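In this note's numbering, the protein residues as written are 25 to 370. Note that CB positions come from ideal geometry on N, CA and C, so glycine has one too. For clarity, every value in this text was computed on a predicted model and none was experimentally measured.
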């Protein structure tokens with residue numbers, strides 16, 4: 025079997041892992057019809073490598089060792105050695121096969137994993153913002169303001185879901201409203217430009233707050249996203265205005281992506297910042313900016329937007345893929361490693 029061929033079934037149990045810069049989260053899928061079985065999480069700094077973390081976190085939770093591992097990492101998957109962006113770990117799939125005795129290892133982008141979760145969300149997994157209704161078997165988009173601004177599309181074609189990760193978080197973000205035009209000259213540029221991630225993320229939020237502070241001729245020193253959201257809870261005027269601008273701009277960017285892929289299946293907000301600014305997303309600002317796409321306001325009013333409430337969306341996406349790989353077309357080229365005893369592809 026070649027690296028590029030999409031598997032039609034996995035050997036169970038399947039271990040799924042979401043590896044972030046700070047924490048690694050693990051779960052098991054015992055068989056095709058099994059629910060996701062959470063195993064726990066661990067700080068990456070507490071272990072020398074992923075194999076050590078799996079032995080300590082996953083093995084105590086199962087009598088049968090995993091035969092397949094599907095892993096999501098933040099960043100591109102390039103070659104047999106995959107360094108993490110914000111952690112000391114290096115993911116080496118061939119070493120995992122040797123260390124753990126798994127039959128195959130698949131490594132995907134973290135927002136690709138988030139996209140894989142989109143078709144399966146139900147009930148309390150999501151909270152709708154504004155109007156619109158999901159159209160079945162239609163494109164979806166996920167946008168996640170966290171440390172950065174992650175983005176991915178889920179396209180439906182030929183009876184198959186196709187996740188499309190990318191670097192959409194770095195699209196341009198310019199002023200639109202009269203207030204924007206007053207604030208933008210006060211915001212520090214990054215590399216001579218303002219991409220969406222430079223404002224709409226945990227790292228970008230203090231930059232936006234600094235610009236709003238200058239515009240309001242106030243004296244504030246918000247150095248962290250938490251300091252801004254906490255101040256907004258106390259109705260600090262600078263923090264409140266910052267998050268109002270943040271929500272409005274996030275709505276505009278989300279609307280741009282909805283138009284790009286015609287996301288009649290909905291646009292979904294994840295990421296660490298999102299649950300901390302819910303009240304700014306559910307007021308009229310986010311949704312009004314999302315719909316303000318002349319001449320397509322009527323179309324935009326029909327596309328639903330959601331806050332993802334599922335606690336582990338990337339893990340759930342990987343688990344959905346583990347249960348039904350035939351339902352998804354996932355590019356395996358250079359991202360799938362098989363034990364030599366199983367195949368001569370490695």
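Three-way DSSP call (helix, strand, coil) for residue i in this model
i: residue 65; result: strand
i: residue 155; result: coil
i: residue 392; result: The question about residue 392 has no answer here: the residues shown for the chain are numbered 25 through 370.
i: residue 357; result: coil
i: residue 246; result: coil
i: residue 130; result: strand
i: residue 297; result: coil
i: residue 178; result: strand
i: residue 329; result: strand
i: residue 49; result: strand
i: residue 239; result: helix
i: residue 292; result: strand
i: residue 34; result: coil
i: residue 105; result: coil
i: residue 352; result: strand
i: residue 189; result: strand
Buried or exposed (CB count within 10 angstroms, at least 16 for buried), residue i
i: residue 117; result: buried
i: residue 329; result: buried
i: residue 169; result: buried
i: residue 321; result: exposed
i: residue 26; result: Reliability of the predicted coordinates at residue 26 is poor, the pLDDT of 37 falling under 50, and the value obtained from them is presented with this limitation in mind. Label assigned to residue 26: exposed.
i: residue 368; result: In this prediction, residue 368 has a pLDDT of 43, which is less than 50 and means its spatial position is unreliable; what the coordinates show is noted afterwards. Residue 368 comes out exposed.
i: residue 32; result: exposed
i: residue 326; result: exposed
i: residue 156; result: buried
i: residue 277; result: buried
i: residue 65; result: buried
i: residue 360; result: buried
i: residue 221; result: buried
i: residue 334; result: buried
Of the residues the options, the one placed nearest residue i, counting alpha carbons only
i: residue 49; options: 302, 95, 147, 101; result: 95
i: residue 203; options: 236, 192, 185; result: 236
i: residue 97; options: 263, 186, 40; result: 40
i: residue 107; options: 302, 363, 45, 347; result: 45
i: residue 93; options: 179, 67, 43, 306; result: 43
i: residue 132; options: 185, 101, 155; result: 101
i: residue 86; options: 76, 284, 325, 52; result: 52
i: residue 73; options: 195, 304, 115; result: 115
i: residue 251; options: 233, 352, 124, 356; result: 233
i: residue 362; options: 60, 37, 83, 119; result: 119
i: residue 134; options: 189, 82, 58; result: 189
i: residue 166; options: 179, 160, 159, 154; result: 179
i: residue 273; options: 244, 254, 259, 308; result: 308
i: residue 164; options: 173, 154, 145; result: 145
Integer-rounded CB distance, given that residue j should sit under 8 Å from residue i
i: residue 197; j: residue 218; result: 5 Å
i: residue 314; j: residue 324; result: 6 Å
i: residue 111; j: residue 68; result: 4 Å
i: residue 226; j: residue 174; result: Rounded, the Cβ-Cβ distance is 12 Å, inconsistent with contact.
Residues that residue i bridges to, as DSSP identifies them
i: residue 214; result: 217
i: residue 42; result: 49, 96
i: residue 168; result: 174
i: residue 196; result: 219
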